[in-house]
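As given, the protein sequences belong to chains A, B, C, D, E and F, one line each in that order. Per the numbering used here, the very first residue in the first sequence carries number 174; after that it's consecutive. Per the numbering used here, the very first residue in the second sequence carries number 174; after that it's consecutive. Per the numbering used here, the very first residue in the third sequence carries number 174; after that it's consecutive. Per the numbering used here, the very first residue in the fourth sequence carries number 174; after that it's consecutive. Per the numbering used here, the very first residue in the fifth sequence carries number 174; after that it's consecutive. Per the numbering used here, the very first residue in the sixth sequence carries number 174; after that it's consecutive. Structure, as structure tokens:
Protein chains: 6
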Amino acid sequence: MYLADEAWPDLERYFDEESLAIVPLGSTEQHGPHLPEGTDHIIAEGFARAAAERTGFLCTPTINIGVSPHHRQFHGTMWVEPPVFRDYVESFTRNLAYHGIDRVIFVNAHGGNVQHLREVGRRLRDDGTIYAIEWMWNESIPDLVDEAFAQNGPHGGPKETALIQHLRPELVHDDRLEAARDGGLTSFDEATMRQHGARTFYDAIDNTDNGVLGDQTDATAETGRRLFEAASDQLVDLSEWLAARPFAELMPKDHV
Amino acid sequence: MYLADEAWPDLERYFDEESLAIVPLGSTEQHGPHLPEGTDHIIAEGFARAAAERTGFLCTPTINIGVSPHHRQFHGTMWVEPPVFRDYVESFTRNLAYHGIDRVIFVNAHGGNVQHLREVGRRLRDDGTIYAIEWMWNESIPDLVDEAFAQNGPHGGPKETALIQHLRPELVHDDRLEAARDGGLTSFDEATMRQHGARTFYDAIDNTDNGVLGDQTDATAETGRRLFEAASDQLVDLSEWLAARPFAELMPKDHV
Amino acid sequence: MYLADEAWPDLERYFDEESLAIVPLGSTEQHGPHLPEGTDHIIAEGFARAAAERTGFLCTPTINIGVSPHHRQFHGTMWVEPPVFRDYVESFTRNLAYHGIDRVIFVNAHGGNVQHLREVGRRLRDDGTIYAIEWMWNESIPDLVDEAFAQNGPHGGPKETALIQHLRPELVHDDRLEAARDGGLTSFDEATMRQHGARTFYDAIDNTDNGVLGDQTDATAETGRRLFEAASDQLVDLSEWLAARPFAELMPKDHV
Amino acid sequence: MYLADEAWPDLERYFDEESLAIVPLGSTEQHGPHLPEGTDHIIAEGFARAAAERTGFLCTPTINIGVSPHHRQFHGTMWVEPPVFRDYVESFTRNLAYHGIDRVIFVNAHGGNVQHLREVGRRLRDDGTIYAIEWMWNESIPDLVDEAFAQNGPHGGPKETALIQHLRPELVHDDRLEAARDGGLTSFDEATMRQHGARTFYDAIDNTDNGVLGDQTDATAETGRRLFEAASDQLVDLSEWLAARPFAELMPKDHV
Amino acid sequence: MYLADEAWPDLERYFDEESLAIVPLGSTEQHGPHLPEGTDHIIAEGFARAAAERTGFLCTPTINIGVSPHHRQFHGTMWVEPPVFRDYVESFTRNLAYHGIDRVIFVNAHGGNVQHLREVGRRLRDDGTIYAIEWMWNESIPDLVDEAFAQNGPHGGPKETALIQHLRPELVHDDRLEAARDGGLTSFDEATMRQHGARTFYDAIDNTDNGVLGDQTDATAETGRRLFEAASDQLVDLSEWLAARPFAELMPKDHV
Amino acid sequence: MYLADEAWPDLERYFDEESLAIVPLGSTEQHGPHLPEGTDHIIAEGFARAAAERTGFLCTPTINIGVSPHHRQFHGTMWVEPPVFRDYVESFTRNLAYHGIDRVIFVNAHGGNVQHLREVGRRLRDDGTIYAIEWMWNESIPDLVDEAFAQNGPHGGPKETALIQHLRPELVHDDRLEAARDGGLTSFDEATMRQHGARTFYDAIDNTDNGVLGDQTDATAETGRRLFEAASDQLVDLSEWLAARPFAELMPKDHV
């Protein structure tokens, strides 16, 4: 069920019967020469809407702009400051409680949002309002992702390429996959991301000239479809698992 | 040109040549028994994307959740607190300046956002960063809108109904238009919105039982199309007018 | 009853019997070549104190500095940033609740404060503390004001001129009324305040060279007296109407 | 020169020639059974306006509500939270710099404001904007004050009583001076304000049943007049001393 | 009992039986040519740990960096902005309540922290969470301190010198005591800290070339020991006095 | 060189010649039945002081209280809210720039601080003030740590046990190592920390009854010494590497 498509009287029954909401969040940021800047929010929205359709759980509209200052040197990257992102997400999530929502899945497709969603989740949980957890599709099927590609990459790599080839093929520049690989950072061993244990880099451009990592050339729409379905299964299961929990079990434990 | 669909190298030329961005903003909130909760962001996105396509100016992704606490008594209304909304919009708009953007049109379709976009606009202009103005489609064609309907209404009335009938007909419950009219506040004269000059109401529900105003029954997709095109023309003209201004003319005048 | 003139034991009975406070707020900002910068706070204080005297309701001291950045190009304009204004007003209003106040009339004479007082009002109402409404004198007698002058104006025009001629005649430069009219923006038709529906101006100086609008030459102290009395009647009525409301009726309605 | 009484063109010369502003700040809070709640802002305004008249320096309108939570148990006390007070004062003071003001005297008559005005003063000075100092009348003539009364008191005592007897005699309940003394804390030795060196009290009511300290019975309007004139002389001298300083001398010294 | 040295199960009994915590706070800032920059936090920690050991009350780790912008012109001075200091102290103190703490002694050895600890104390008390008071060793034995030295000084003077000679003798440059005296401000009469009653200085360097005041040459470790023991006795007594208070007595009194 | 032990004149040469500061940060939180609550700040301080002594670089005092809400169910855990922690660290770090510091190593021994130090580091770097990186000892010698113990653990496990056995043996309850292991979570496989890819736990107590993980029984002071020395070597190398970088190289790269 997609909240934005419904008229309010048609939502009454849902809020009477359920207390779970699925919230897609992504970013708008460079994803190399071959992928659209909307990659992360397209993926998040794809998963969230698919799981909502399969389960009947409520999906909200998508948050399209996230925490991406580390990609700003590349044209078009949009971002908000971290405190602003946290407060924005906290505010609308907290307000969902007014309708009876007490558990939320942040379907997130941008690594840069993770820690902030966790921080918001703690705020909401620690004051007893809402239990919110963050889900990234690739974390739910790590082995499948590893097997699918020779050289993975956390940003703009083959796994994101395959997903967009599956979800929005017209937005992928298939003729630039080799350029994406050759102009970026194929293997992490090439990178000097740490010095004596300290993470020394702050921006994507510190490590990769074209903004992406991994080898994109073995991505295909078919692989994308397979990964999408497998991870969607996980999200469906997660939604049902979460909906079935007693609320008290989700809240903080008492002091010893 | 839609930012989220582009790969970063394909945006270089735009930022070299232009400094204007079009930003759609709406809300997700009840729009009566006949319209979807996404009405405002659907309309904002519709105008922004159309004008961008016609002019070649850059359109960003849509902000789907705005300042709607006054609709919260109806199922599904989402909102953020005003300070949070302002900071979120300010943050990503300000960051667009990093790519060279120095003028922005907030294509807004939610009345509750207006004053906040103006406040953000002042912050950005007063420190010399960006000149941002707020545009609502109906403000650009007031006479056309007045003529089109017998009983207009600022929220969920015939003009928004007609636009959604045009843009997303499958989301309108045409069989509920009479119920929308009869269950809401048809004419403002019926309302007691002020007492001795003071605005006394805070929430939509204070005035209207089903959340909407006006007479929706004479809305048609054809009227929606006509209004959409007329207002799109205005937005196109506004974009071109704004792009042609010297930056200094847009900045605050000096002290007398 | 004026709070600042009373010793604390003499206020006990008021707080026992009543729960209404009248709070005057204005600005200190340019009002053209003919009017004092204190125009708005003088007017607000005038109405608030008069109504308090007539009704016995409690009036607090005046907030003299408001949200006036749009007048800053003219010598002497003082202002605070909007978030600071909101927090200041919220803080002392909220603290009035400690003495039992649960309803407040913001007697405001500065247009630039309106939206901020509304936002503060919502904060106080939504958490169940205080019901606060904003009142501007001219909104309470729109027809009288329209009839009184040939060319009105929202700032420094004949209606504010007439009121200061009535309240503080020694502060009006009567010999500059023609200069005020001729050096300002007499009729709004002359202005290009909007482009294709978008409000494009931010500062008073964008539209008016001397900071004021309308035709001040037909303002007189007698007209000022008449308007003052008529609007004071409205404020008296509003105070009594508000005092008579059950508190629950003033608080937000429940979720549908 | 009183800013609020002037039309903007008449301020041009001042800002051309001078860069000093005098800002009166007080509080609205209980001052015992004999004095009005406005005591502190009446005194501050009295001194600031008198000094401005004598010297020609610019005086702004008065800030009537300050940091007085420690008096809240007594009817009518108004207050704002400290961070809000600081931000409000900082905001309008900082904005005075837009007109060329670079030095400010906070004419303050409320002890509870002192540390906050100092903190604001540091913010403004450390970033090189404005040099602002806080002045309390009794600090400028400590010996005179000590000699004038047998039992002084920091709040609602004879020195404040005498000043209001001089400035606004109609607001003093002269028939309650004995009651004020007998119902309050006459001598500090009676108080147990510290335990083993730690200040243990937070609120006025912790030490004094009627909110005041000292022996008010030897206050007279004549003593008030004498103190007012002596302290006004000091403020006049301070204004002239400050106006004569080179700006660089007022700014922070360099790092050693 | 020192919290940081204990394993959590060994703290259970304390929280069962007691509700008092001792929190040492100081600064890291210049203390002249003869004393270490850690002087204030060394002293605070010294007193807090000694009192905790003697009484069995719980002592927390030390806050080493406080509000010291007024010493920044001297190499090495560290400081945080006042709002940040207040929020940091408020946050960890408030969280102590989660374990049952309802009264706190801030053992503070830096004058620049005092007003901020008072402000935090009010926040915690006014919402009924914790009663926190600020204690500075020299305030508890003012007569002893006065008698001990010919020329005292509030910063880097003989009393702080003597304490560090007692607590950490290896950190005192005894061969620089004369230089400290001669390069600083020996007697306050030399200073022009006020003009006509207004405090005009903001930074230590405005008054003293080497950052310190008073005559350090008659400081000895033996005097330090004596003062330390006398003030420790006071802190012990304060702790026991505070622990014995009923909680309700420590909370704000009711409205009259 | 330890800043807090130095008198300010003795720091002049350092700031003339160097621009690096080492800042130790930890936490005060439960570390199981066998380790002191100060474990993390003891370790951080140990490394920072050792490296400063070996290299001559400047070490500041330690931040003893960090972001530890996830341990709050266990007696004695202290914590500050994340925004407060970030602002506190940002404030004093930023102020170090006043003395010429332009690069900082946060020697951190608490996992819960990492993301916040990174966020602060970005703030400082993005505005061109300071390049700050976060270093955790175990990240610098991952292979050594892995080899040293059969069952490691991120919190209160054998590696932290060994370090405290080395640094402060008197604070380790060696007789509780078995109890620590048996009452906690020995192996991560036992945990259900994720559901379908989503991290579902928020608090330590969700996974471990006594607050710790891993098998502590093969920790020894000798292993602690070996690890301490190896990681100290890394920190020394990191300090020298960082000091040798040209400042421009550490700042953000330009827009492509």
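Think of the CB as a built atom: it goes at the ideal place given N, C-alpha and C, for glycine as much as any other residue.
CB contact below 7 angstroms: residue i versus chain A
i      : result
T201/B : yes
I238/B : yes
E320/F : no
Under the three-state DSSP convention, the category residue i falls into
i      : result
E307/B : strand
A371/C : strand
R341/E : coil
A282/D : coil
H248/C : coil
R418/F : coil
P327/B : coil
I195/E : strand
H428/F : coil
H204/C : strand
V409/A : helix
V257/D : helix
V277/B : strand
Proximity below 7 angstroms, CB of residue i to CB of residue j
i      : j      : result
Y261/C : Y261/D : yes
V318/D : P197/D : no
V430/E : F265/F : With chain E represented from 174 up to 429, any question about residue 430/E goes unanswered, as that position is not in the structure.
L344/A : P209/A : yes
A282/F : S405/F : no
P331/D : F322/D : yes
L408/F : R276/F : no
R349/C : H207/C : yes
Chain B contact for residue i (CB, 7 angstroms cutoff)
i      : result
Q246/C : yes
I369/C : What sits at residue 369/C in the sequence shown is His, not Ile. Output row for H369/C: interface = yes.
Contact with chain F by residue i, beta-carbon distance below 7 angstroms
i      : result
E333/A : no
Chain-ordered chain I contacts of residue i [CB-CB under 7 angstroms]
i      : result
V253/A : The structure shown has no chain I; the protein chains it does contain are A, B, C, D, E and F.
Cβ-heavy atom distance, residue i to the ligand FAD, below 6 angstroms
i      : result
H289/F : Ligands are entirely absent from the displayed structure, and the ligand FAD is therefore not among its contents.
Selected residue, minimal CA-CA separation from residue i, among the options
i      : options                           : result
A421/F : I303/F, G397/F, G285/F and D183/F : I303/F
G249/F : S360/E, T393/E, F188/E and R341/E : F188/E
P256/A : G387/A, V293/A and E190/A         : V293/A
V429/A : M174/E, D178/E, E185/E and E312/E : E185/E
I215/C : A305/D, D178/D and A323/D         : D178/D
L411/D : Q288/D, Q338/D and I306/D         : I306/D
E413/F : A217/F, S200/F, F401/F and F230/F : F230/F
Short CB-CB distance (under 7 angstroms) between residue i and chain C
i      : result
Y271/D : yes
T373/B : yes
Using a Cβ-Cβ cut-off of less than 8 angstroms, list which residues of the region 392-425 of chain B approach chain C; keep chain order. A404, Q407, L408, D410, L411, W414, L415 and P425
What residues in the region 272-303 of chain F have a beta carbon less than 8 angstroms from any beta carbon of chain A? I278, Q288, R291, E292, G294, R295, R298 and D299
If you measure beta-carbon to beta-carbon, which residues of the region 202-235 of chain A are closer than 7 angstroms to chain F? none
What are the residues in the region 377-390 of chain E lying within 8 angstroms of chain D by C-beta distance? Among the residues of the region 377-390 of chain E, those with a Cβ less than 8 angstroms away from any Cβ of chain D are I378 and D379, in the order of the chain.
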